[in-house]
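The structure under discussion appears below in the form of structure tokens.
Residue numbers (the numbering used here): 1281 to 1723.
Here is the structure:
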């Protein structure tokens, strides 16, 4: 098995599965078959904990970057009887750094038991983590791998925390929907990293909006204006795949583009407020500043107008450029007032003014608290539908900006574009093609 590091990555071919295309075809066929013939008696996995269980819940981390390390810490803080017992990442050095960071938190030291034999690196690390005696897996790799890893975890009877977004293309979204339906049948948890839905202030605001605080909502606005993020210069001894994996954020096949990887948070907020998803989208985008090859093939700005069946509009704008003003926010305008639903402000301006200014527990922690509480109570949470559909909402916007065409929800959902590489190996990588609106076709 390859052991990538900061030095040369091995060139030996290593597949996570034969390839994801066959995996998706098989998983979707199985899901369709189970729907057609009905579900008979299901074997309850050993990992499902009944109400009142006080067993130690064993956790495996798949994806040991910054977000994965944070998720592991929050999982360990969520319950008195939780233990991190296995870790996996494509890169050995990322795993070791994560383990070192976690081991320096005094109150977590006794909850960490990850000896070398339960440390796995390479593209198949996820399989090895899942094969250990874990009850819960945290999926925090680059988004491309989420459908594959989620299916493997649910097939193995594991509860799951799945970081957002959960796919980078429509086949991935369809796979996630099928897998989450299977998780529900198996009584397994699937908790989403769309953490804003776990913030108490947002929950109160959305409840008020659903109760008609601003009347019928006709306009939504989602903004994500921010500066650039990290980029890792290519090393001489890195293969193409090694380079792309180290810089996964900048390659559409790995991240989905930044409007999918990051802006999905506030797109999801708007879908939550509206109580549903739009029927079509049109937009524009491009690369004005991040034009060098080190920035892969993602855009640095997107602007999309989504339309709902009733004529309501969602205006989505995101930008990652230095030297510009930052604004990360969402707004709703209705027939009787307006609201801001943002981390910086939760306020409703209508006949009955409301503003939330209480201190609340971190939403990043609450999502794990509720995940583990649900497992303990025998009432597993399943966020599958909205985490998949909000991911598709973002992908639909990217389809519109990349092609320059109007894209319907049904077109997006049934798109045949599969961004999976031919195989997962440390040599060649997918070609770096930059989308050209009006030329790049919808597939």
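Even glycine gets a Cβ: it sits at the ideal position worked out from N, Cα and C.
*Assign residue 1499 to buried or exposed, taking buried as 16 or more other Cβ atoms, counted over all protein chains shown, within 10 Å of its Cβ.*
For the purposes of this step, residue 1499 is identified with residue 219 of the chain shown, where counting begins at 1. Exposed is the call here.
*Between which two residues does the alpha helix (DSSP H) harbouring residue 1388 extend?*
The residue given as residue 1388 occupies position 108 in the chain shown. Premise fails: residue 1388 is in no alpha helix (DSSP H) and is neither H nor E.
*Between which two residues does the alpha helix (DSSP H) containing residue 1526 stretch?*
Working through the chain shown from its first residue, we reach residue 1526 at position 246. Element bounds for residue 1526: 1520–1526.
*Would the segment 1637–1644 and the segment 1521–1531 be scored as touching if the rule is three or more Cβ pairs under 8 angstroms?*
When C-beta atoms of the segment 1637–1644 are compared with those of the segment 1521–1531, fewer than three pairs fall below 8 angstroms, so the two segments do not count as touching.
*Closer than 6 angstroms by C-beta to residue 1699: which residues in its own chain qualify, once you throw out the five before and the five after it? Chain order, please.*
Sequence index remark: in the chain shown, residue 1699 carries index 419 (1-based). Around residue 1699: 1448, 1449 and 1533.
*Please go through the same chain and pick out, in chain order, the residues whose beta-carbon is closer than 7 angstroms to the beta-carbon of residue 1504, but skip the five residues on each side of it.*
Indexing the chain shown from 1 puts residue 1504 at position 224. Around residue 1504: 1542, 1543, 1546, 1598 and 1608.
*Could you give the distance in angstroms between the alpha-carbon of residue 1461 and the alpha-carbon of residue 1517?*
Taking the chain shown and counting its residues from 1, the one referred to as residue 1461 is at position 181. Taking the chain shown and counting its residues from 1, the one referred to as residue 1517 is at position 237. When rounded, the distance between both Cα atoms is 43 angstroms.
*Hey, how far is the Cα of residue 1565 from the Cα of residue 1681?*
In the chain shown, the residue the question calls residue 1565 occupies position 285. In the chain shown, the residue the question calls residue 1681 occupies position 401. Their backbone Cα atoms lie some 5 angstroms apart in a straight line.
*Close beta carbons around residue 1571, own chain, < 8 angstroms, minus the five adjacent residues each side*: For the purposes of this step, residue 1571 is identified with residue 291 of the chain shown, where counting begins at 1. Closer than 8 angstroms at Cβ, skipping near neighbours: no residue.
*At a cut of 8 angstroms, does the segment 1548–1567 reach the segment 1685–1694 through at least three beta carbon pairs?*
Between the segment 1548–1567 and the segment 1685–1694 there are three or more inter-stretch CB-CB distances shorter than 8 angstroms, so the stretches are counted as touching.
*Assess, as a yes-or-no matter, whether the segment 1649–1657 is touched by the segment 1353–1370 under the definition of 3 or more beta carbon pairs within less than 8 angstroms.*
The segment 1353–1370 is in contact with the segment 1649–1657.
_Among 1388, 1378 and 1676, the one whose alpha carbon lies nearest that of residue 1536_ = Stepping through the chain shown from its first residue, residue 1536 is reached at position 256. Of the residues 1388, 1378 and 1676, the one whose Cα lies closest to the Cα of residue 1536 is 1676.
_Among 1540, 1657, 1672 and 1433, whose alpha-carbon lies nearest the alpha-carbon of residue 1557?_
The residue you call residue 1557 lines up with position 277 of the chain shown. Ranking the options by Cα distance to residue 1557, first place goes to 1672.
*The beta strand (DSSP E) with residue 1586 in it runs from where to where?*
Mapped onto the chain shown, residue 1586 falls at position 306. Counted as a single uninterrupted DSSP element, the beta strand (DSSP E) harbouring residue 1586 occupies residues 1581–1587.
_Nearest to residue 1268 (by Cα), restricted to the options 1350, 1620 and 1613_ = This structure cannot speak to residue 1268, because the chain is shown only from 1281 to 1723.
*asked:* To the nearest angstrom, how far is the alpha carbon of residue 1694 from that of residue 1339?
replied: Translated into positions along the chain shown, residue 1694 becomes position 414. Translated into positions along the chain shown, residue 1339 becomes position 59. Rounded to whole angstroms, residue 1694 and residue 1339 show a C-alpha spacing of 35 angstroms.
_Taking 7 angstroms as the limit between beta carbons, can you name the residues of its chain near residue 1723, skipping five residues before and five after?_
Locating residue 1723 in the chain shown gives position 443, where the first residue counts as 1. Taking C-beta separations shorter than 7 angstroms and ignoring five residues to either side along the sequence, the partners of residue 1723 in its chain run 1695, 1696 and 1697, following chain order.
*According to DSSP, is residue 1706 helix, strand or coil?*
Translated into the one-based positions of the chain shown, residue 1706 becomes position 426. In this structure, residue 1706 counts as coil in the three-state DSSP scheme.
*Identify the continuous beta strand (DSSP E) that holds residue 1611 and give its terminal residues.*
Translated into positions along the chain shown, residue 1611 becomes position 331. Following the DSSP letters along the chain, one finds residue 1611 inside the beta strand (DSSP E) bounded by residues 1607–1614.
*Compute the beta-carbon to beta-carbon distance between residue 1483 and residue 1634, rounded to the nearest angstrom, for a pair I have assumed lies under 8 angstroms.*
Start at 1 with the first residue of the chain shown, and residue 1483 comes out as number 203. Start at 1 with the first residue of the chain shown, and residue 1634 comes out as number 354. Actually they do not touch by this definition, with Cβ atoms about 13 angstroms apart.
*asked:* Judging by CA-CA distance, which residue of 1577, 1485, 1552 and 1453 is the nearest neighbour of residue 1710?
replied: Here residue 1710 corresponds to residue number 430 of the chain shown, with the count starting at 1. Comparing alpha carbon positions, the residue from 1577, 1485, 1552 and 1453 closest to residue 1710 is 1577.
*Mapping DSSP to helix, strand and coil, what is residue 1510?*
Taking the first residue of the chain shown as position 1, residue 1510 is located at position 230. It is coil, neither helix nor strand.
*asked:* Please classify residue 1372 as buried or exposed, where buried requires at least 16 other C-beta atoms within 10 Å of its C-beta.
replied: Here residue 1372 refers to the residue found at position 92 of the chain shown. That one is buried.
_CA nearest to the CA of residue 1667, picked from 1395, 1646 and 1426_ = Taking the chain shown and counting its residues from 1, the one referred to as residue 1667 is at position 387. The residue with the shortest Cα to Cα distance from residue 1667 is 1426.
_Taking the alpha carbon of residue 1581 as the reference point, which residue from 1574, 1587 and 1601 has its own alpha carbon closest?_
Here residue 1581 refers to the residue found at position 301 of the chain shown. With distances taken between Cα atoms, residue 1581 lies closest to 1601.
*CB-CB under 6 angstroms to residue 1311, same chain, minus the five flanking residues each way: which ones, in chain order?*
Indexing the chain shown from 1 puts residue 1311 at position 31. Because residue 1311 carries a pLDDT of 39, less than 50, the predicted location of this residue cannot be relied on, and the following value inherits that uncertainty. So the list reads 1458, once near-sequence residues are dropped.
*asked:* Just to confirm, is the Cβ distance from residue 1606 to residue 1470 under 7 angstroms?
replied: Position 326 of the chain shown, counted from the first residue, corresponds to residue 1606. Position 190 of the chain shown, counted from the first residue, corresponds to residue 1470. The Cβ atoms of residue 1606 and residue 1470 do not sit closer than 7 angstroms to each other.
*DSSP-derived helix/strand/coil call for residue 1719*: Along the chain shown, one-based indexing puts residue 1719 at 439. Residue 1719 falls in the coil class under three-state DSSP.
*asked:* Less than 8 angstroms between C-beta atoms, sequence neighbours within five positions excluded: which residues of the same chain meet that for residue 1714?
replied: As a first step, residue 1714 is located in the chain shown; it is residue number 434 there, counting from the start. Same-chain partners within the cutoff: 1567 and 1577.
*asked:* Nearest by alpha-carbon distance to residue 1555: which of 1515, 1420, 1626 and 1486 is it?
replied: Here residue 1555 refers to the residue found at position 275 of the chain shown. Among 1515, 1420, 1626 and 1486, the Cα nearest to that of residue 1555 is on 1486.
*Where does the unbroken beta strand (DSSP E) through residue 1442 begin, and where does it stop?*
In the chain shown, residue 1442 corresponds to position 162, counting from 1. Residues 1439–1442.
_Give me the residue from 1614, 1428 and 1393 with the minimum Cα distance to residue 1412._
To locate residue 1412, count along the chain shown from 1; it is residue 132. If we check each option's Cα against that of residue 1412, 1393 comes out closest.
*Does the segment 1429–1449 come close enough to the segment 1378–1394 that 3 or more CB-CB pairs lie under 8 angstroms?*
Below 8 angstroms, too few C-beta pairs join the segment 1378–1394 and the segment 1429–1449 to call them touching: fewer than three.
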